[in-house]
Amino acid sequence: MLAAPATILSAAVTILTAMVLFFTMGLVGRTRGKHKIFPPIMSGHPEVERALRVQGNTVEQVVIFLPLLWVATLYFHGWIPAALGLVWCIGRVL
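Taking our numbering, the leading residue of the sequence shown gets 15, the next gets one more, and so forth.
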């Protein structure tokens, strides 16, 4: 059985969202290593604190974003939910 195009687009955005999460995890890891601030320490250099906040904010937003993306995919027309999801992903990276 083939999935509807809207479902495929939303699935692609979901995978992209997972990639954004991995990107933020890598950012935190690289920044911690650069400044030699290892877990469980959550403060220190301002760059590390910024990276931790980016990761924390992204994780907090994903909890709301993904369910809304899939509900919108079920109830709204075509590519619109996936396009808005793509905007969210790009916004998190910028």
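C-beta: ideal position from N, C-alpha, C; glycine also. Here the structure is a predicted model, which means the values were calculated and not measured.
Delimiting residues of the alpha helix (DSSP H) encompassing residue i
| i | result |
| --- | --- |
| Glu105 | The residue asked about is misnamed: residue 105 is Gly in this sequence, not Glu. Segment Ile94 to Val107, the alpha helix (DSSP H) holding Gly105. |
| Pro81 | Pro60 to Tyr89 |
| Phe37 | Pro19 to His49 |
Residue of the options minimising C-alpha distance to residue i
| i | options | result |
| --- | --- | --- |
| Pro95 | Leu16, Ala17 and Thr28 | Thr28 |
| Thr45 | Thr31, Arg67 and Ala25 | Arg67 |
| Leu98 | Val107, Ala86 and Leu108 | Ala86 |
Residue i, buried or exposed, once every other Cβ within 10 Å from all chains shown has been counted against 16
| i | result |
| --- | --- |
| Val62 | buried |
| Arg106 | buried |
| Leu16 | exposed |
| Val42 | buried |
Beta-carbon proximity list for residue i, same chain, < 6 Å, skipping 5 on both sides
| i | result |
| --- | --- |
| Lys48 | none |
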